[in-house]
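Heads up: the structure comes next, in structure tokens.
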Amino acid sequence: MILVKTKESEITNNYHPIIYLLIILLKQNKDKHTKCYQISKINQSSNQEADYKYDIIDIIYQCMEDYGSMVVDKARLITIKNYYSKSSLTSQIIFNIFIVLYLGYLVFSEDVWYKFSYSRHGWEIISAYDLAKEINMGLVNKLTKLCNECHFKLENLPTKLFSFMSGHSVTFKNLYQLETFFYLDNFISRMDKSKVLRFEDCVYDFTINKPRPGMPKDFCLKSTNYNFHSENKNKVKEVKEFFEDIFVDKELIQYVLKILASTLTYGNKLRAIVFFIGSGRNGKSVSADKPSPQMVDLNCARVAICEEPDARSIAITGDTKAITGNVGFIKTRTLYKDVQAVSVDLLPIINTNDKLTISNLDNALIDRILVIPFTQRFINKMNISVLSSTQNINNPSIKRANTRWQGSRVQGYAEA
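With positions in the sequence shown counted from 1, the corresponding number in our numbering is that position plus 84.
So this is what it looks like as structure tokens:
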């Protein structure tokens, strides 16, 4: 149960609703040994140096962890009731109610809105149009649902809200009033750096080595776009067969798996650059799928697959050295935008059919290069008769083309 002994009139007259919300939450810390920040820290002068740079959102997340989201949600409802249940509704009050309800679930950073989705276990980019729709059509429903879950009554406030919103609407042009309250300066720098891997139905937490529901403080934006809990167990067998077909040698398979496993969490832990090298039609493209991201797209990514270099001789740039040296941030700029620092600490993988010559090789680079040989070659099943049956049977390097790896164009491939 949440108790606020101070006279409500005194508090509501002296504090902003957000501060009042924090006071309710931090009073739960009294006589309890938790990680929550003390109320005295909120009132610290801005010119005093704190040991830890924290934001209001961090206090809310810590309270969620210490007391549970139900206590935090009930504190939101108490705040709304004490400030607005007896007030005449205005557009500004609608915004204030929205701020109290969504603080911790909505962030504005670098001119982009982000919303946390419990159903998808992570953060999603939301347009200004959809955010305005959320206020106009979802605010009353969220407030009512929260009251039912917390067994809390707001008297006739939901009815008043519904009546008011029926005659008024928020447009995307009005959202600038919310930007200050939901702004989080270091949101992008926190994104996708926690030791969790996001799936469509959960996140896998590597600190406890098991799946769990996603939480806002995970700061996960990127997702695998796969379900962790899947009834289709045959996929595991397919992946195993794929590696056995491509690499054959068990020790090499284990080596490759360890390298790929290092990308499940953020950071180039190996401090390496990986080369997939082979002679063609041997599975490199299937295992990598070769996207071509801009540098900005690599922000907080965990692996980058590079296109096959056109030249047989390449130079390792300073950016590559920075990525493999755990520098962390690289300056870059996209079209029509200012220079920005992106967090690039990932494993770069270069796909090539040629044995490349690195023109500026030095001792530091030699220690960072890992080469994965693709020694097997696939040939078209319809042309395998070119070889004698004896050669076909006794030559372990020859494998029949598998449509699972080569796709529907397999019939158009020439023989190896």
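Beta carbons are placed, not taken as given, at the ideal position from N, Cα and C, and that holds for glycine.
**OP:** Could you tell me the boundaries of the alpha helix (DSSP H) in which E233 lies?
**Re:** 223 to 234
Original post:
Whole alpha helix (DSSP H) runs in the region 233 to 310 with 4 or more residues, listed along the chain?
Top reply: 241 to 251, 260 to 266, 271 to 274
Original post:
By a C-beta neighbour count over all protein chains shown, 10 Å radius and 16 as the cutoff for buried, is N241 buried or exposed?
Top reply: At residue 241 the sequence reads Leu, which differs from the Asn that was named. Counting Cβ neighbours within 10 Å, L241 comes out buried, since at least 16 surround it.
**OP:** Say whether chain C places a C-beta atom closer than 8 Å to the C-beta of Y99.
**Re:** No chain C is part of this structure, which consists of one protein chain only.
Original post:
In angstroms, rounded to a whole number, what distance separates the CA positions of K321 and R204?
Top reply: The C-alpha of R204 is placed about 27 Å away from the C-alpha of K321.
Original post:
Which of helix, strand or coil does DSSP assign to K356?
Top reply: The sequence given here places Ala at residue 356; Lys does not occur at that position. In the three-state reduction of the DSSP assignment, A356 falls in the coil class, being assigned neither a helical nor a strand state.
Original post:
Given that a residue counts as buried once 16 or more other Cβ atoms are within 10 Å of its Cβ, and exposed if not, what is K237?
Top reply: exposed
**OP:** Could you tell me whether the region 174 to 190 touches the region 220 to 239, where touching means 3 or more Cβ pairs closer than 8 Å?
**Re:** yes
Original post:
If you check the beta carbons only, do L106 and I143 fall under 8 Å apart?
Top reply: A contact, by the Cβ cut-off of 8 Å.
**OP:** Leaving out five residues on either side along the sequence, give the residues of the same chain with a beta carbon under 6 Å from the beta carbon of Y213.
**Re:** F256
**OP:** Can you say whether V323 is buried or exposed, counting buried as having 16 or more other CB atoms within 10 angstroms of its CB?
**Re:** exposed
Original post:
Alpha carbon to alpha carbon, what distance is there between S314 and Y350?
Top reply: 24 Å
Original post:
So who's on the other strand from C390, going by DSSP bridges?
Top reply: I434
**OP:** Consult DSSP for K537 and reduce its assignment to one of helix, strand or coil.
**Re:** The question about residue 537 has no answer, for the chain in this structure spans 85 to 500.
**OP:** Give me the Cα-Cα distance between Y151 and I141, rounded to the nearest whole angstrom.
**Re:** 15 Å
Subject >> T243 to L431 span [Cα, whole Å] >> reply: Within the model, the alpha-carbon separation for T243 versus L431 is close to 54 Å.
Subject >> Span separating the alpha-carbon of I108 from that of I456 >> reply: 57 Å
Original post:
Pick from L348, K342, A216: whose alpha carbon is nearest that of L454?
Top reply: The residue with the shortest Cα to Cα distance from L454 is K342.
**OP:** Quick one: grab the DSSP three-state call for K158.
**Re:** helix
Original post:
Is it true that the CB of W207 sits closer than 8 Å to the CB of F303?
Top reply: yes
**OP:** Go ahead and label S250 buried or exposed: buried means 16 or more other beta carbons lie within 10 angstroms of its beta carbon, across all protein chains shown.
**Re:** So S250 ends up on the exposed side.
Original post:
Skipping 5 residues on each side, what residues in its chain have a beta carbon closer than 6 Å to that of T308?
Top reply: Counting only Cβ-Cβ distances below 6 Å, and skipping sequence neighbours, we find F283.
Original post:
Helix or strand or just coil, what does DSSP make of V428?
Top reply: strand
**OP:** For N232, count neighbouring Cβ atoms within 10 angstroms of its own Cβ and tell me buried if that reaches 16, exposed if not.
**Re:** exposed
**OP:** Determine the direct distance from the alpha carbon of F182 to that of N352, and round the result to whole angstroms.
**Re:** 40 Å
Original post:
Name the DSSP bridge partner or partners of G206?
Top reply: S201
**OP:** Reducing DSSP to helix, strand and coil, say where S171 ends up.
**Re:** Reduced to three states, the DSSP call for S171 is coil.
Original post:
CB E239 to CB F192, shorter than 8 Å?
Top reply: no
**OP:** Using only alpha-carbon positions, find the residue among V254, K306, N435 that is nearest to R386.
**Re:** K306
Original post:
Looking only at its own chain, which residues have a Cβ that is under 8 Å from the Cβ of V28, when we skip the five neighbours before and after it?
Top reply: In the structure displayed, the chain extends from 85 to 500; residue 28 sits before or after that span and is not available.
Original post:
Opposite V455 in the DSSP bridges: which residues?
Top reply: F359
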